[in-house]
Amino acid sequence: MSIADRLAELGHTLPKPAAPVAAYLPAVEQGGLLFLSGQLPFRDGQLVTGRCGEDADEAKARDAAERCGLMILAQVEAALGSLDRVARIVRLGVFVSSAGDFTAQPQVANGASELMQAVFGDAGRHARSAVGVPVLPLNALVEVDAIVAIRD
Amino acid sequence: MSIADRLAELGHTLPKPAAPVAAYLPAVEQGGLLFLSGQLPFRDGQLVTGRCGEDADEAKARDAAERCGLMILAQVEAALGSLDRVARIVRLGVFVSSAGDFTAQPQVANGASELMQAVFGDAGRHARSAVGVPVLPLNALVEVDAIVAIRD
Amino acid sequence: MSIADRLAELGHTLPKPAAPVAAYLPAVEQGGLLFLSGQLPFRDGQLVTGRCGEDADEAKARDAAERCGLMILAQVEAALGSLDRVARIVRLGVFVSSAGDFTAQPQVANGASELMQAVFGDAGRHARSAVGVPVLPLNALVEVDAIVAIRD
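So the sequences go chain by chain: W, H and U.
Per my numbering, numbering through the first sequence is continuous, rising by one, with the last residue being 152.
Per my numbering, numbering through the second sequence is continuous, rising by one, with the last residue being 152.
Per my numbering, numbering through the third sequence is continuous, rising by one, with the last residue being 152.
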């Protein structure tokens, strides 16, 4: 089954790849690794904003992390032509906009991590860092970057 | 001398490798590099928590960074079978839970950096970023991730 | 034209490469990639300090990000002998000291990103993450790390 078919089976539709907010590229390939820029969460074309523990809860942020993951997949597809060229999701970096007493960043980040495993199986299992930050670009709730290994 | 012997000589005992807090892997190898997930500080099986400049000082945080470093080594050993397969500590990413007026993140991060140099010598000298964050998973005091080059 | 000539044409003078604040290296080469440690912004030998949205505005921070970028180039030159050995700026990681209501991290980070494009052209176009943090080492306003691909 192609990855595109697997995404459809899971009920996911990839968003339109977001243009970079500024002077950089969404993805750069070097030596068999694709480096993805930090992606923000969009739902129905709208940025998901807020801060965990203030105006957003864990469930909303977890969903936002999944939306970041879908945007990463959209950027990978745009860069490589097909998600079938993904050999491995190597690493995710997850930044969660957090009030000082919100400590469930791992559960939030699972929104992106579990997506990768559902889509790619064992090849979707990755290393990860998840940390709290006080604020993200455009007041986004979550930002996720990635390193992806690609096949020739 | 093996790295295990060198650790013993330094008086360090590796912790039991912590299971990932969530849906990811502690380490992923790709193209000769081992990407380590962010590791939290444990002492006697207990997570070291707090925030620098509030309920933790520089000395405690520096010790916590060393504990993160030991957990990284435990994860590397679990992933590779032996620490003797480490060719180089390439990079550490250090996140320090910090009040807004705490600016000694480099001194805190040295707890992990100096460990790597003591254990691996020149091969333990690495690139590094150290930043403050408002909060970390489970209220951890420090989180450290790593990229390690491995020999065949 | 050499990169050194291009820098001069742009009116930039590289700073003296800063010694690491602590126990790490400014740059480590591994497998054709140069990993740069997080660099702080210096102007006339003085660290640029502050927090966006409190005692620094977007323009000051954007300039500070450019200074971080120049320090990255100074470290690359020191590590490689010549900036002409840069094959590609692969990735920048930009940390912006930010009050909770400051959300223009992308515009700030452009200070570094646009420098790389001006100096290296297409080879300067990179992947990037930009996030807010509550505080940086020595109260720096911005910190930028990098991954650079090098030619033999």
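Positions of the beta carbon are idealized from the N, C-alpha and C atoms, including for glycine.
These numbers come from a predicted model, not from an experiment.
- Neighbours of residue 94(U) in chain H, taken as residues at a C-beta separation under 9 Å, are lacking, since the least C-beta distance is about 11 Å.
- With respect to chain U, the C-beta atom of residue 81(W) has no partner C-beta closer than 8 Å.
- A Cβ-Cβ separation of about 3 Å places residue 102(H) in contact with residue 53(H) under the 8 Å criterion.
- When rounded, the separation of the alpha-carbon atoms in residue 9(W) and residue 141(W) is 27 Å.
- Contact between residue 144(U) and residue 94(U) holds, with the beta-carbon distance rounding to 5 Å and staying under 8 Å.
- Not a single C-beta of chain H is nearer than 8 Å to the C-beta of residue 37(W).
- Using a 10 angstroms sphere on the CB of residue 113(U), the tally of other CB atoms reaches 16 or more, which defines it as buried.
- Chain U places no beta carbon closer than 8 Å to that of residue 76(H), leaving this residue out of the contacts.
- For residue 113(H), the uninterrupted alpha helix (DSSP H) segment begins and ends at 105-120.
- Identification of residues in the segment 100-129 of chain W having a C-beta nearer than 8 Å to some C-beta of chain H yields 100, 101, 102, 103, 104, 105, 106, 107, 109, 110, 113, 114, 117, 125, 126, 127, 128 and 129, given in sequence order.
- Contact check for residue 90(U) against residue 27(U) fails: the beta carbons are separated by 8 Å or more.
- Here residue 72(U) is not bridged, per DSSP, to any residue.
- Per DSSP, residue 149(W) is not a residue of any alpha helix (DSSP H); the beta strand (DSSP E) it occupies stretches across 142-150.
- At a beta-carbon threshold of 9 Å, none of the residues of chain W lie near residue 2(U); the nearest stands roughly 23 Å away.
- As computed with DSSP, residue 91(W) is found in a beta bridge with 127(W) and 147(W).
- When secondary structure is reduced to three states using DSSP, residue 80(U) falls in the helix class.
- Residue environment analysis places residue 97(H) among the buried positions, since at least 16 neighbouring C-beta atoms fall within 10 angstroms of its C-beta.
- Within 7 Å of the CB of residue 133(W), the CB atoms of chain U belong to 131, 132 and 133, in sequence order along the chain.
- For residue 146(H), the CB contacts under 6 Å within the same chain, skipping 5 residues up- and downstream, are 36, 72 and 92 in chain order.
- For residue 137(U), the neighbours in chain H by C-beta distance under 7 Å run, in chain order, 103, 105, 106 and 130.
- For the pair residue 123(U) and residue 19(W), the Cα-to-Cα distance works out to about 19 Å.
- Taking C-beta atoms as the reference points, residue 24(W) and residue 125(U) count as a pair closer than 8 Å.
- Taking residue 40(H) as reference, the option from 137(W), 139(W), 151(W) and 128(W) with the minimal CA-CA separation is 128(W).
- The distance from the Cβ of residue 22(W) to that of residue 64(U) is about 16 Å, inconsistent with a contact at the 8 Å cut-off.
- Interface flag for residue 145(U) against chain H is set, since a Cβ pair is found closer than 8 Å.
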